Each structure stands twice: as structure tokens, then as C-alpha cells.
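Asker: Following our numbering, the numbering of the sequence shown begins with 85 at its first residue and continues without gaps.
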Amino acid sequence: MNKKRRAAAIMVILAVLTLVYVWQRPQSFEREFSSIIYSADTGEAKSTMLGFKGEIYRAFPGERKMTGTLRADGDLRYDVTLRESGGHYLGVISELTGDSGIQTTGLVTASLELDKIWVTLNDVNERYGFKEQEGNIAGPARTLEEAKQVAKEIIGSK
């Protein structure tokens, strides 16, 4: 009888450990979005592609975190870390400046399902002559109206 209890306890412990391992194991993802680079102020719009590849980590208990690479407008690449925040993923892209400071160079917001993304990048603003924080990339979108709707849905999602 004692051996049966011990064997059952060991099986329960192994089952719990297996579930914890499966839960916390990183999940790979790769997404490409047909997107629009746009200026909310001037109404300018240009189509582009956004690519996002990485891994999602689930905390136990807690919010999810994702790390990966964001590819924007063909040749722009950024290493990003996004954290679950208020119904969406949110992350800041930063770089070290010459005087040992940190400068924010972008902001990434994605839906929890990773089916929508909204990005603001200083490099895109400079490339297209947008004022600071004026240029955005949203996807999936084929028109300016769709891009603005994607941004509203991500920020407004809970």
C-alpha cells in the first residue's frame, strides 16, 4: 500500500513538472505584414512590409514576454523585447548614444494574437521626412484608413 502511494505521488509530481515545462517553454513565431507607412498629420501613405520573428515566453504566473527581430521597410532591423501590457504587447527600441546615454528610437505595439502591429521608428521618420514621432507603420493594411484602424484596434484592445 505504501509503495502504491509513493508511486502515485511520484507520478503526480512528474505530471506537474511536465505541465510547468510545457507551459514555460518558449514558443517560436514568425509573421509578415503587408503594411502602410503613414503620417497622421499630412495623410501621406506608402506601402511596405513588416516582418517579426522571435519567441514568446510565458511566466508562471504573470504576463508574457516576447523577444525577437523586427524588420521594417526592407532594410531596417531591430532587436526588440515586448511585454504584455493592458491587452497588447508593448516595447521600446533604444540605442546607446555617444555619451553613454540611452536614446529611444522607436515604439512597437502588437496585438496579443500577433495578427496586428503598429510601429513608430525614428529611422522611418528621417527616411521619409516626417516630423519626429509623426510617421507610423501599421499592418496588416493596404490603405491609409486600414492602417489607422489597425492602430486604433491595437491600442484600444483589452
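Beta carbons are placed, not taken as given, at the ideal position from N, Cα and C, and that holds for glycine. Note that the structure is a prediction, hence the values are computed from the model and not measured.
Grab the span of the alpha helix (DSSP H) containing Asp207 for me, first residue to last.
Answerer: First-last of the alpha helix (DSSP H) with Asp207: Asn206 to Tyr212.
Asker: Buried or exposed: where does Leu205 fall if 16 or more other Cβ atoms within 10 Å of its Cβ makes it buried?
Answerer: buried
Asker: Decide yes or no for the touch test of the segment 121-136 against the segment 92-105: beta carbon pairs closer than 8 Å, at least 3 of them.
Answerer: No, because fewer than three Cβ pairs between the segment 121-136 and the segment 92-105 fall closer than 8 Å, the two stretches do not touch.
Asker: According to the Cβ coordinates, are Gly219 and Val192 closer than 7 Å?
Answerer: no
Asker: How many whole angstroms separate the CB atoms of Trp202 and Ala235, which I take to be in contact at a CB cut-off of 8 Å?
Answerer: 5 Å
Asker: Return the residue from the list Glu179, Tyr105 and Asn209 that minimises the CA-CA distance to Val164.
Answerer: Glu179
Asker: With DSSP collapsed to three states, give me the class of Lys236.
Answerer: DSSP places Lys236 in helix when its eight states are reduced to three.
Asker: Which term fits Tyr162, buried or exposed, when burial requires 16 or more other beta carbons within 10 angstroms of its beta carbon?
Answerer: By the neighbour-count definition (other C-beta atoms within 10 Å, threshold 16), Tyr162 is a buried residue.
Asker: Grouping DSSP H, G and I as helix and E and B as strand, with all else coil, what is Ala156?
Answerer: strand
Asker: Taking C-alpha atoms, which residue in Ala92, Asp159, Asn209 and Ala222 lies nearest to Leu198?
Answerer: Ala222
Asker: DSSP has Met95 in a bridge; who is on the other side?
Answerer: Bridge partners of Met95: none, in fact.
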